[in-house]
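J.:
There are 2 protein chains.
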Amino acid sequence: MKPNVYLEKRSLSEALKLLFEAFNFEASAGTEEIRSAQSANRITALPVFARISSPNYNAAAMDGIAVRSRDTEGATEASPKRLSLNDDFVFINTGNPLPAGRDAVIMIEDVSRVDDRIIEIIRAAVPYQHVRAMGEDMVATELVLPTGHTIRPYDIGALLGAGHATVTVRKRPRVLLIPTGDELVPDTMTDLPAGKVYESNSAVIAAMINADGGVAVAHPIVVDDYDSIRLAVSENVGQFDLIVIIAGSSAGTKDYTKSIVETLGKVFVHGIAIMPGKPTILGAVKNKPVVGLPGYPVSAVMTYRTVVRPLIARMQGTRISPDETARVVVLRDIPKLVGNDLFLRVQMAEIDGRLVASPLPRGAGNITTMVKADGIITIDSLSEGLKSGDTATAVLLKKREDIANTIMAVGSHDISLDLLAGRLRTLYPSFWLSSVNVGSLGGIMALKNGECHLAGSHLLDPETGQYNKPALARYLTGMPVSLVTLAHREQGLIVQKGNPSRIGGIADLTRKGIVFVNRQRGSGTRILLDYLLKKLGIEGRQIDGYGREEFTHLLVAAAVKSARADAGLGIRAAARALDLDFIPIEHEQYDLIIPAKYRAEERISALIETIRDERFKDEMRSLGGYDTTETGKEQIIDA
Amino acid sequence: MKPNVYLEKRSLSEALKLLFEAFNFEASAGTEEIRSAQSANRITALPVFARISSPNYNAAAMDGIAVRSRDTEGATEASPKRLSLNDDFVFINTGNPLPAGRDAVIMIEDVSRVDDRIIEIIRAAVPYQHVRAMGEDMVATELVLPTGHTIRPYDIGALLGAGHATVTVRKRPRVLLIPTGDELVPDTMTDLPAGKVYESNSAVIAAMINADGGVAVAHPIVVDDYDSIRLAVSENVGQFDLIVIIAGSSAGTKDYTKSIVETLGKVFVHGIAIMPGKPTILGAVKNKPVVGLPGYPVSAVMTYRTVVRPLIARMQGTRISPDETARVVVLRDIPKLVGNDLFLRVQMAEIDGRLVASPLPRGAGNITTMVKADGIITIDSLSEGLKSGDTATAVLLKKREDIANTIMAVGSHDISLDLLAGRLRTLYPSFWLSSVNVGSLGGIMALKNGECHLAGSHLLDPETGQYNKPALARYLTGMPVSLVTLAHREQGLIVQKGNPSRIGGIADLTRKGIVFVNRQRGSGTRILLDYLLKKLGIEGRQIDGYGREEFTHLLVAAAVKSARADAGLGIRAAARALDLDFIPIEHEQYDLIIPAKYRAEERISALIETIRDERFKDEMRSLGGYDTTETGKEQIIDA
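Respectively, the protein sequence lines represent chains A and B.
In terms of my numbering, the first sequence is residues 1 to 639.
In terms of my numbering, the second sequence is residues 1001 to 1639.
#1: Kindly list, in the order they appear in chain B, the residues whose Cβ is closer than 7 Å to that of A/Y57.
#2: Which word fits A/M315, buried or exposed, when buried means at least 16 other C-beta atoms lie within 10 angstroms of its C-beta?
#3: Among A/Q239, A/S202, A/A206, A/G101, which residue has its Cα nearest to the Cα of A/L222?
#4: Please tell me whether A/R572 and A/E630 are closer than 8 Å, where the distance is taken between their beta carbons.
#5: Among B/A1567, B/I1604, B/R1035, which has the Cα closest to the Cα of B/R1502?
#6: At 7 Å on the CB atoms, spell out the chain A contacts of B/M1134, in chain order.
#7: Could you check which residue in B/V1307, B/S1299, B/L1016 has the C-alpha nearest to that of B/G1363?
#8: A/L483 lies in the beta strand (DSSP E); which residues open and close that run?
#9: Skipping 5 residues on each side, what residues in its chain have a beta carbon closer than 8 Å to that of B/I1376?
#10: Against chain B, does A/K9 count as a neighbour if the rule is that its beta carbon must be under 8 Å from one of theirs?
#11: May I ask you to report which of helix, strand or coil DSSP gives B/K1633?
#12: For the beta strand (DSSP E) that A/R519 lies in, which residues bound it at each end?
#13: Closer than 7 Å by C-beta to A/V237: which residues in its own chain qualify, once you throw out the five before and the five after it? Chain order, please.
#14: Against chain A, which members of the segment 1017-1033 of chain B pass a CB distance test of less than 7 Å?
#15: In this structure, how does DSSP classify B/K1534 when only helix, strand and coil are distinguished?
#16: Compile a chain-ordered list of the residues in the segment 1391-1404 of chain B whose CB is closer than 7 Å to at least one CB of chain D.
#17: Is there a Cβ from chain A that is less than 8 Å from the Cβ of B/K1597?
#18: Going along chain A, which residues have a C-beta under 7 Å from B/E1142?
#19: With burial defined as no fewer than 16 other Cβ atoms inside 10 Å of the residue's Cβ, what is the status of A/A78: buried or exposed?
#20: In whole angstroms, what separates the C-alpha of B/A1029 from that of A/K469?
#21: Taking its Cβ as the centre, do 16 or more other Cβ atoms sit within 10 Å of A/D352, making it buried, or is it exposed?
#22: So, is A/M189 buried or exposed, given that buried needs 16 or more other C-beta atoms within 10 angstroms?
#23: If we count Cβ pairs, one from each stretch, closer than 8 Å, do we get three or more for the segment 574-584 of chain A versus the segment 471-478 of chain A?
#24: Run down chain A in chain order and give the residues with a C-beta less than 9 Å from the C-beta of B/S1053.
#25: Sort B/Y1057, B/E1008, B/E1549 by Cα distance to A/K561 and report the nearest one.
#26: Here's the rule I'm using: 16 or more other beta-carbon atoms within 10 Å means buried, otherwise exposed. How should B/L1493 be labelled?
#27: Within 10 angstroms of the Cβ of A/R70, are there 16 or more other Cβ atoms? Answer buried if so, exposed if not.
#28: For B/L1098, which residues from the same chain have a beta carbon less than 8 Å from its beta carbon, with the 5 sequence-adjacent residues on both sides left out?
#29: Tell me whether B/S1434 is buried or exposed, calling it buried when 16 or more other Cβ atoms sit within 10 Å of its Cβ.
#30: Is there a Cβ from chain B that is less than 8 Å from the Cβ of A/N437?
#31: Let's see if you can read the secondary structure: which residues bound the alpha helix (DSSP H) around A/D418?
#32: Please name the residue, chosen from A/D530, A/I407, A/L486, that lies closest to A/H708 on a Cα-to-Cα basis.
#33: Give the straight-line distance between the Cα atoms of A/R615 and B/A1027, rounded to the nearest whole angstrom.
#34: Let me confirm a value: B/A1216 is counted as buried when at least 16 other C-beta atoms fall within 10 Å, else exposed. Which label applies?
#35: Going along the chain, which residues of the segment 1254-1277 of chain B sit with their C-beta nearer than 8 Å to a C-beta in chain A?
#36: Name, in chain order, the residues that DSSP records as bridge partners for A/A60.
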């Protein structure tokens, strides 16, 4: 067993080149003949030429009667012409072949029945009127579909119309997914044991493989054990076109993928210069490709997108078509270390006619960054990042039109924003509320900067004891806004269940042995804390943990719940959500600041209607600590 | 049985309103709980909130050792610190819970092993370094997915990460498709009887329903018989959420759908002001919606898109998100009668930085217009059409990037263009060749007009006997071009197999009883014919059928094959394709005219390389009548 260290790190394009050169992947999955009727989403393996013409005969294009046009010559309103059944005409329906000797169809609407056998017409028929000529749609031998074409529903109509009851397509590549990890349990286990997580990567990757035309088979979870993983590979490699080992692809003590692939075959890439996704392994066992995917969920998704997806396309003799992209503007600096391509997940919205992108957290463990992402910006490995005001190309993960219907809220975190997003979606299905948590002051700056449509804020002015209005006068001069109250809510200390440290108020935070967890600078809660400390004459450095910052009420509660801290300042709903105790300190007002220029937009009106919806207010109150008396109240402030 | 006439024709929006008001469709399909792992493409029926935090404990973010940070204080390169296994540290892998009492992780790379139990570090650990804090990805109670959300692969990761092994989704609406028609046979019949066609609409519509989240079940073909169709509806309506009767929705004698739905329930719309798609029926039987789709394949597809798709979305408690669209310019007049919305299928390409749309034939029977379409322009019922130079909005049927990679050829028809398109796709999978057949002269005008990248042409100059070059001098002055020879080919008379009319040459076309089929004005073949007639002193009116025009060689051959004509002028390959006889008349040169400004584009170079590919030349020769000696020869003409 060789020492477990990375090979030379490869750029993505080098890695793909090495992979594609190592195998003759082109259409390696083989072909099969299947029913055309069931060929949707499959890929043609041969060009398809029409076997027959469509229509394959001269056919009636209307319901009516089939005639010889010369028999109708001279018919006018003044001197109608009578025709008799079978001798002069026959009834015919749309799609039926024109009987031999007939060369025109008269619409049933233009026929007067005289009796059961005689009809009268008042206009002559032109040869081949209302006749679909043989071959009108396609003539035998014409190309119906080229090779490598992904069959769409209406292509099936063309295949059958061309006389092809079957079609030769690429086989779907069979991919075995081997999830590894001691901490994993299968989703069939109803109660999740402590310290365990559901294995999810195989389901995520399988869904992507199936969408991309492959057939994914998930192996049961394999523990972090060299022999077990090796057996899973060696036993199965014969029956699959591709093996994907999930997790264990890094260089840790329990990362066995590299040495297993080396033992059974060959590793030609370990380490790709992409972030997330660096610890990726590309190799071969028995002339089958083996990919080691990193276990962090976003890394697994990104490596799938960049490496496995093109591989599966090649196996089917096709190429992935380019992603939809859009030019976006970033409105803050996005620094980056040189050395890896960075796949930056961003939320996007259309603001003042510009497509604006806000970066999401980069952590590869945070699958919710994929859920929230509207797009992905790739920043080149050599770049040191983007500057505020730069434009960049984003691959779109949502439809462009859906992004145009997104309301972007940047500012203070409040738990009820989740409920509001959900309720908006129910009441107005075409709109969507995206929230970015940067604190009250950050939200106001984002408004000023044109980064969002509205900002949630609960900024206390220490001088006046007033919420929000003084900040508007200070920071948003010249920008008329609507101030829409979301709620009044309780702020207090979130402490362990049963309050074992017997914390009674802010003053107790200086006690020895008490560890505090703080909110970030610029957040309304931090401003409130600093205001309260000042009143008590306490300085931050007297409090253990004052320097440790979290970005939301729920993350403060989670820090207390997981015993990283004894107390944190936050809203009652957060304490209640995680079943913690709560010591009330203040009542405060939480408003949405909405510039007048956006107020008239349909999506914003929809949002305000949703805030005023009684069911939303009920849901908010049930979170605990919310007073909805003034919820939905709007004040117009012409600063 | 009431008289079979249309009800008052409805606009599309009126029709949808009547439909949606008649039922309480909203989420009518009901809900079911399924495994999250298998929930891709399903729609959430409830908002999903995190059951647990992710991670659900403070977890190692790196492989290494877990320590108490205070035990590491003071470690430097000058004075390393030694720690002993179990007392001071434990080994830990990424994702594992931090043991109680430990508050930091040191990466394995930063650890020197002294012996089996002792390690050395040269840097102190900061509290919570390399630790993924509980809730970093999501905190219990946070919204994971809202109601009405279509689950994507990575959403599955979030569901499982949030502790949801199952998720409540909308049931897939069950749709019964009843194909009707005497002319239909099932695709399981290997040999297609004369006068019959494969039933294809049910497969096309089923594929669309499945893609839109429904479950389609196809009923066996029902003949055009009132009682049989009525039975198919009444027997099955109880087991399905929606019944779709295909064909028989018009007002002909054998169109039974309306009277069947009236007898069993109620018809509230018959006739929608859309083209194709007018003969559509909306009704109800036993409080289930019943849709009568027109039988022409493009009508069926369009009615599905505009009526059935939104219905299926509503049944699942969601809305269809808006289609991707683009602004396009049309470069010819597109007249239209007032009265119906027209769904115009168009081919599209990017030419000189503009997105240009060329209309496809409007016939509702021509499914290949859907296959070829890059987009659909809806022209309002009140409009009289578009004028050359107008811009319009097109719904995209292909990715915008794929359209950008399309080469648009407008001009003369040649059978080998199909082969060329197929071969290009094989050699250069990202490029696609679209051909519009308007004749040689039409192609040159399209070039001049900026409608295409190249034009196929075989224009004989009667004065000089030269092909194409004189026309360039006449029509494209000031536009430097490359003239790339596709082939030399044989033109002649296409006649019935065995030549029963004993046609020997052009002079025989004037014989009594001989019916000719002509090509359209402006086509090279028409110009050749008129040149030959002039030499012989024959006038067009002496030839029966001189006025009947077809647009391609294959359609001329099809007219002969189906006995609509005895002879037509065309290329040998067309006669051979339909197994007809051929009387050679001329050898001619067929060139592609490519303006110099496009010549350098990658897609054009790829096309020319493909023309020069030996396999393409082999394929072309096997069609018959082609001489490839000069195929691929390029002349640069600086007019």
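Every residue gets a Cβ at the ideal spot worked out from N, C-alpha and C, and that includes glycine.
T.: With the structure as the only source:
#1: Within the first sequence, the letter at position 57 stands for residue 57 of chain A. Think of a sphere of 7 Å around the beta carbon of A/Y57: the chain B residues whose beta carbon falls inside it are G1195, S1562, in chain order.
#2: Here residue 315 of chain A refers to the residue found at position 315 when the first sequence is read from its first residue. Counting Cβ neighbours within 10 Å, A/M315 comes out buried, since at least 16 surround it.
#3: Along the first sequence, read from residue 1 onward, the residue named residue 222 of chain A stands at position 222. Just to set this straight, residue 222 of chain A is Val in the shown sequence, not Leu. Restricting attention to A/Q239, A/S202, A/A206, A/G101, the CA atom closest to the CA of A/V222 is found in A/S202.
#4: Mapped onto the first sequence, residue 572 of chain A falls at position 572. Mapped onto the first sequence, residue 630 of chain A falls at position 630. Contact flag unset, no.
#5: Counting from 1 along the second sequence, the entry for residue 1502 of chain B is found at position 502. Answer by Cα proximity: B/A1567.
#6: The count along the second sequence starts at 1 and reaches residue 1134 of chain B at position 134. Near B/M1134 (Cβ distances below 7 Å), the residues of chain A are A558, K561, S562.
#7: Taking the second sequence and counting its residues from 1, one reaches residue 1363 of chain B at position 363. Cα-wise, what sits closest to B/G1363 is B/S1299.
#8: For this step, residue 483 of chain A is matched to residue 483 along the first sequence. Unbroken beta strand (DSSP E) run through A/L483: 481-495.
#9: By one-based count along the second sequence, residue 1376 of chain B stands at place 376. Only F1343, L1344, R1345, V1346, A1394, V1395, L1397 meet the Cβ criterion.
#10: As a position in the first sequence, residue 9 of chain A is number 9, starting the count at 1. Taking Cβ atoms only, chain B never reaches closer than 8 Å to A/K9, which makes this a no.
#11: Translated into the one-based positions of the second sequence, residue 1633 of chain B becomes position 633. Looking at B/K1633 - three-state DSSP - the assignment turns out to be coil, as it is neither helix nor strand.
#12: Mapped onto the first sequence, residue 519 of chain A falls at position 519. That run of the beta strand (DSSP E) goes 516-519.
#13: Start at 1 with the first residue of the first sequence, and residue 237 of chain A comes out as number 237. So the list reads I243, V285, K286, K288, once near-sequence residues are dropped.
#14: none
#15: For the purposes of this step, residue 1534 of chain B is identified with residue 534 of the second sequence, where counting begins at 1. Reduced to three states, the DSSP call for B/K1534 is helix.
#16: Structure shown: chain D not included; protein chains present are A and B.
#17: Your numbering for residue 1597 of chain B matches position 597 in the second sequence. At least 8 Å separates the CB of B/K1597 from every CB of chain A.
#18: The residue you call residue 1142 of chain B lines up with position 142 of the second sequence. What B/E1142 touches in chain A: D418, L554.
#19: Here residue 78 of chain A refers to the residue found at position 78 when the first sequence is read from its first residue. By the 10 Å Cβ count, A/A78 comes out exposed.
#20: Numbered from its first residue, the second sequence carries residue 1029 of chain B at position 29. Numbered from its first residue, the first sequence carries residue 469 of chain A at position 469. One C-alpha to the other measures close to 48 Å.
#21: Position 352 of the first sequence, counting from 1, holds the residue named residue 352 of chain A. Per the 10 Å Cβ criterion, exposed.
#22: As a position in the first sequence, residue 189 of chain A is number 189, starting the count at 1. A/M189 is exposed by the Cβ-count criterion.
#23: no
#24: Translated into the one-based positions of the second sequence, residue 1053 of chain B becomes position 53. Per Cβ cutoff of 9 Å: L554, A558, K561, S562, L578.
#25: Stepping through the first sequence from its first residue, residue 561 of chain A is reached at position 561. Considering only alpha carbons, the answer is B/Y1057.
#26: In the second sequence, residue 1493 of chain B corresponds to position 493, counting from 1. With 16 or more Cβ atoms within 10 Å of its Cβ, B/L1493 is classed as buried.
#27: Locating residue 70 of chain A in the first sequence gives position 70, counting from the first residue. Exposed is the call here.
#28: Residue 1098 of chain B sits at position 98 when you count from the first residue of the second sequence. If we look at B/L1098 and ignore the five residues flanking it on each side, its Cβ neighbours are Y1057, N1058, A1059, A1060, A1066, I1092, V1105, V1131.
#29: Against the second sequence, residue 1434 of chain B aligns to sequence position 434. Buried, since its Cβ has 16 or more Cβ neighbours within 10 Å.
#30: In the first sequence, counting from the first residue as 1, residue 437 of chain A sits at position 437. Chain B, which has no Cβ nearer than 8 Å to the Cβ of A/N437, makes this no.
#31: Taking the first residue of the first sequence as position 1, residue 418 of chain A is located at position 418. Counting along the chain, the alpha helix (DSSP H) containing A/D418 begins and ends at 416-427.
#32: Nothing about residue 708 of chain A can be reported from this structure: the residues present for chain A run from 1 to 639 only.
#33: If you number the first sequence from 1, residue 615 of chain A lands on position 615. If you number the second sequence from 1, residue 1027 of chain B lands on position 27. Taking the straight line joining both Cα atoms gives about 19 Å.
#34: The sequence position of residue 1216 of chain B within the second sequence is 216, counting from 1. With 16 or more other Cβ atoms within 10 Å, it is buried.
#35: K1254, D1255
#36: Here residue 60 of chain A refers to the residue found at position 60 when the first sequence is read from its first residue. Note: A/A60 sits in a beta bridge opposite A/V131.
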